[in-house]
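Protein sequences, first through last, are from chains H and P.
According to this note's numbering, the stretch in the first sequence is residues 25 to 597, in order.
According to this note's numbering, the stretch in the second sequence is residues 25 to 597, in order.
Even for Gly, the Cβ is constructed at its ideal location relative to N, Cα and C.
Working notes, structure below.
There are 2 protein chains.
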Amino acid sequence: MGCKSGITLFTHSIERKEIMEKRYVIGIDYGTLSGRAVLLDAIEGCELGVAEFAYPHAVMDKTIPSGKKLPEHYALQHPADYLEVLRNVIPDVLSQGGIVADDVAGLGLDFTASTLIPIDSSGLPLCFNSVYSDEPHAYVKLWKHHAAQAEADMMTMFAETRGEDWLASYGGRISSEWAWPKIWQIVRESPEIARATARFCEAGDWLSQVLTGEESHSAVFAGYKAFWRSGKGYPSDDFFTALDPRLSGFVGSKVSTNVFTVDNIAGKLSADGAALTGLCAGIPVALPMIDAHAAMPAVGAVNPGDFMMIIGTSTCHLLHTAETADIQGICGYVKDGVIPGCVTYEAGQACVGDGFAWFIDNLVPSMYTTEACLEGISMHQLLRKKAERLKIGESGLVALDWFNGNRSILNQSNLSGMLLGLTLRTRPEEIYRALLEATAYGSRMILEQFENNGLYIKEIHAAGGIACKDPFMIQIYADVLGKPIQVADTTQAGATGSAIYAAVATGIYPSIREAARQLAVPCTKQYIPNPDNKKQYDKLYQEYTILHDYFGKGENGIMKRLLHMVQEVKSEN
Amino acid sequence: MGCKSGITLFTHSIERKEIMEKRYVIGIDYGTLSGRAVLLDAIEGCELGVAEFAYPHAVMDKTIPSGKKLPEHYALQHPADYLEVLRNVIPDVLSQGGIVADDVAGLGLDFTASTLIPIDSSGLPLCFNSVYSDEPHAYVKLWKHHAAQAEADMMTMFAETRGEDWLASYGGRISSEWAWPKIWQIVRESPEIARATARFCEAGDWLSQVLTGEESHSAVFAGYKAFWRSGKGYPSDDFFTALDPRLSGFVGSKVSTNVFTVDNIAGKLSADGAALTGLCAGIPVALPMIDAHAAMPAVGAVNPGDFMMIIGTSTCHLLHTAETADIQGICGYVKDGVIPGCVTYEAGQACVGDGFAWFIDNLVPSMYTTEACLEGISMHQLLRKKAERLKIGESGLVALDWFNGNRSILNQSNLSGMLLGLTLRTRPEEIYRALLEATAYGSRMILEQFENNGLYIKEIHAAGGIACKDPFMIQIYADVLGKPIQVADTTQAGATGSAIYAAVATGIYPSIREAARQLAVPCTKQYIPNPDNKKQYDKLYQEYTILHDYFGKGENGIMKRLLHMVQEVKSEN
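Set out below in structure tokens:
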């Protein structure tokens, strides 16, 4: 692992005096539907401004801007939206905080991953070029683009057959959400785009290049999403060539090997970057993080044994450890990616808040709509109020939370959701609660997978939109997991974490742990498991595990067969 | 099997002249929520009046009239409602037809079963007595009262252990919907009501006693619902005594052995019956039928090989055959119960229209409510319109239609519904269609169970509310079953069938086949399977059968465990 000359942390020369004047940092968190910025006083830790800008193109899963229809399981984005975020949120937080650009010391950002952009040799996304703007493969493939499942499966099988040692570090199975299946899909389906691509670039890395004018690739993206391992690099060219000769030579050319760990910064804000953001050229830009990982220092989860769940539309589970172990179905781990000297494991659930929203959008009766309206509360609030009154087990329902496939511990995007125990007495709030509970069982499955493989879990933190605004759900999680859960009062953990990385990049703090000690959002609530509830949930979890293994581990492949049939039927005509 | 002296068919003396004047017959069909009457010209076959009266107490599943709360799975009725039907629908059809009571030659009726009333020695339901009116067990246990599941299971096990030969005739498993589990539940839970009961009587038999003043018990009720077999009678007193000494001596006392086959009539209308109905005393009252069975002659299904599905809130499957075979999971068969000389098999699905209604009541979004309202169509129509546009397999969903347990071929009321294949793209109409399709798979399962046991199916008839008004669904059935389906244009097949039995009772026709030839409603539509659709449905049916066997045949008893947990939780305060 090499360091970029001249921009290694703690060695660049920012004057102490200058630091004290330039005491403000900005963190930007690029999520699935919007970018959010936080302006932080890096000395006092107080938050001076928060801004959000929704991507105008949101997630393109039906058509691209030209009107061309997209096949099943596509999820694309438009990179112009990411630039719009910069143009909007930075002036917004500055004006909220009454801060001038000159007082901003540094910038950090985090991004969803693997969110992949094919760019040309000048660093421009191919979709910006009118030649390619009618070609879906020229756009950004969002993390939840699931159309490369066939590639992911073939790659897994091929790596297994060849006994590739890196496979075990990724839970033994390659996810369609990762970079290489997405790249291979482009190569297989659109040789022209593959040829025109100079770099397949993570959106986060592309943005740091836009801001600094220098190309760098963050170890978290390469490590968690593209099989890059500290000290070992990418899988061999031999592997990729044997898989598909058209992938020959990609490593080191179309996939950059300029990978940097967290003890580096991305670079300094360029003149172009300054023009785009309104900030001053020359301030440090931190190495981009994955969105979930950025949240860890924001809640003080910076030590081995800290386990964190970022619960939102999906859930990301992260665990810092001192040791490493290859664990089946865990997405991967990276050393020095998030905290220097730490190994950080990642696991995840592909559908959490998304599933509840789906239920509300599709399956809530008009009577409830009226009731929520009369009470002046949201549908989530109404359903939670009703669901709260239910006793555990009263509905007789158990769900499998795989509405968007299963990330951990099965790592198969072609699984689907299930609801069992329905009777003519089943009420909407019972289904809603069963969906909540299923996500808690899914999290317990992941936690047990870590523990059963010898990794130590000391403290559980929860963050993300749902963790902050839904005590009912987090209590269910505490009861299902049987462990206390700490929640910090912030809905902007990602952006705050990025700001903390920015604060370290400026040199205000010598380390992320030091910065987190001062700047992390304090834990405001601890959820303690209720022993009676735990006992009831143990029974239901037992049922969940039987269904989980039956449908997820190959005994009955019905979900895959049905999804295959969907594809067949939809591809007719 | 004895005949009632003086009232055997074809031997009583009604003058031909009188017949021609008294050419009208009335059939009354007692369903789950209402009684419906048809006035028929027994010579020409034309329908002169149709009336319906909804039971004021409907189905009591939460409380009885005193306000006392009912436990889970109760489904009671109030027998006063049945008398109200008589008081209302008969004058109504007469007035519609412009017919005077004097011109009515006979009366027939059919009833749901086993719908069981405890009556005292004067023939009055115990719940009419203020001493017992606060006691749930004094009321009518409707066919879908499922609270005697434990009794049904214990009885099955006990009969199996003793090698009772009658068990095989009932598909090898006793349903909680049948008479004996209901009787035993009363004995176990309310000895006082059991003691006060002179007869446990099917509601249909009780009504014929109310109308004629004579007690008789129709072979269809005793045969399908109480283990009575032609030539063999009930199981031995030894069996019942060994099961529970408190049941000793019931056969022949609290359970009457005065069982009559279809070549008999119930009696003649008494003076009290005449006062109640406004009809003339002395006209014959046909032996009551089970509601579904009455529909067979109404659509001309009177010959061996005729298979009939009466599709409504639940579905009843009936098959006339020349032979008998003991078939696992089929509800039972009775010889001479429906057509003299024929064996008629019965099977059923416990939840069909009920399931669709549940979906509409609970899980349809307000946007759809508005859309249906704007288009001026019902929610069923809207959902069918949307569901019709889907290709087979396009939704990727498969459901198990056990929202009210499974009657055939598993015969376990403590199973529940399941929905698999859900994704974030799943739409309400897709779930609705999956529910429709699941009921079609359930019917195919039953049909194949007959055929695999060597019984010949020649023609498939469909009747009932859904069969007439829903061509979309019946086409799905034809495609799933892979056989043509005949539908007669009547929503009153039960009442028409009862009128046909009445016409035979009057002597206007010498046999049910003769009467059906003249009076049956003609087939108005034949649904032919589409071979491409059949092929697609074969794949989905294959998936259904795997789930059916996995959850229904003991490999994973999760549904029972969850329902047991529901009961435990609800029984805590």
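Item: Check the Cβ of F427 of chain P against every Cβ in chain H and list those closer than 7 Å, keeping chain order.; Value: L446, T447 and L448
Item: At a Cβ threshold of 7 Å, is S440 of chain P touching chain H?; Value: yes
Item: Hey, is T393 of chain P's beta-carbon within less than 7 Å of any beta-carbon in chain H?; Value: yes
Item: Terminal residues of the continuous beta strand (DSSP E) containing H341 of chain P?; Value: T339 to T345
Item: Helix, strand or coil: which one does DSSP assign to I31 of chain H?; Value: Unreliable positioning characterises I31 of chain H in this predicted model, as indicated by a pLDDT of 37, which lies under 50. The coordinate reading is nonetheless provided below. If DSSP states are grouped into helix, strand and coil, I31 of chain H belongs with coil.
Item: Would you say A310 of chain P and G147 of chain P are within 7 Å of each other, going by their C-beta atoms?; Value: no
Item: Between K415 of chain P and chain H, is any beta-carbon pair separated by less than 7 Å?; Value: yes
Item: Quick one: Cα of Y369 of chain P to Cα of N580 of chain P, how far?; Value: 30 Å
Item: Output yes or no for whether 7 Å exceeds the beta carbon distance between A325 of chain H and V283 of chain H.; Value: no
Item: If you reduce the DSSP assignment to three classes, tell me which class R431 of chain H lands in.; Value: coil
Item: List the residues of chain H that P555 of chain P touches, going by C-beta distances under 9 Å, in chain order.; Value: In chain order: nothing, as chain H lies at least about 16 Å away.
Item: If you draw a straight line from the C-alpha of S145 of chain P to the C-alpha of A222 of chain P, how long is it?; Value: 5 Å
Item: I want to see whether chain P comes within less than 7 Å of I582 of chain H, judged by CB atoms only; does it?; Value: yes
Item: Checking 7 Å against the spacing of the C-beta atoms, do R468 of chain P and L434 of chain P come in under that value?; Value: no
Item: Give me the residue from H:A246, H:G247, H:V422 and H:A172 with the minimum Cα distance to E454 of chain H.; Value: H:V422
Item: Can you check whether the C-beta of W382 of chain P is within less than 7 Å of a C-beta belonging to chain H?; Value: yes
Item: List the DSSP bridge partners of G356 of chain H.; Value: H:E370
Item: Mark N430 of chain P as exposed unless 16 or more other C-beta atoms lie within 10 angstroms of its C-beta, in which case mark it buried.; Value: buried
Item: DSSP three-state call for R60 of chain H: helix, strand or coil?; Value: strand
Item: Starting from the beta carbon of K563 of chain H, find every residue of chain P whose beta carbon is closer than 9 Å, and list them in chain order.; Value: R585 and M589
Item: Three Cβ pairs or more, each shorter than 8 Å: is that satisfied between the segment 75-84 of chain H and the segment 95-102 of chain H?; Value: yes
Item: C375 of chain P versus chain H: which residues are under 7 Å apart at the beta carbon?; Value: L448
Item: Shortest alpha-carbon distance to D425 of chain H belongs to which of H:F474, H:W252 and H:T569?; Value: H:T569
Item: Counting only beta-carbon atoms, is E483 of chain H nearer than 7 Å to chain P?; Value: no
Item: Count the other C-beta atoms from every protein chain shown that fall within 10 angstroms of the C-beta of E39 of chain P, then say buried if there are 16 or more, exposed otherwise.; Value: Any answer about E39 of chain P is weak, because its pLDDT of 46 lies below 50 and its placement is not dependable; what the coordinates show is given next. Exposed, since its Cβ has fewer than 16 Cβ neighbours within 10 Å.
Item: Under 6 Å Cβ to Cβ from W252 of chain P, same chain only, skipping five residues before and after it: list those, please.; Value: A246, Y258 and V283
Item: For R40 of chain P, decide whether its Cβ has a neighbour in chain H, counting only Cβ atoms nearer than 7 Å.; Value: The predicted position of R40 of chain P is uncertain, since its pLDDT is 44 and thus under 50; no value can be drawn from it.
Item: Between L293 of chain P and I307 of chain P, what straight-line distance do the alpha-carbon atoms span, to the nearest angstrom?; Value: 5 Å
Item: Is G121 of chain P closer than 7 Å to V49 of chain P when the C-beta atoms are compared?; Value: no
Item: Are the CB atoms of A250 of chain H and A203 of chain H nearer to each other than 7 Å?; Value: yes
Item: So which of H:S214, H:A220 and H:E239 has the shortest CA-CA distance to E226 of chain H?; Value: H:E239
Item: So what's N557 of chain P in DSSP terms, helix, strand or just coil?; Value: helix
Item: So with CB distances below 9 Å, who are the chain H contacts of S390 of chain P?; Value: V388, P389, S390, M391, Y392, T393 and T394
Item: Does the beta carbon of L443 of chain H fall short of 6 Å from some heavy atom of the ligand SAM?; Value: With respect to the ligand SAM, the structure shown offers nothing to examine, as it has no ligands at all.
Item: Along chain P, in chain order, which residues have C-beta atoms closer than 8 Å to that of I500 of chain H?; Value: Near I500 of chain H there are no residues of chain P at all, since even the closest Cβ is about 16 Å away, more than 8 Å.
Item: Along the segment 530-558 of chain H, what residues have a CB closer than 9 Å to any CB found in chain P?; Value: none
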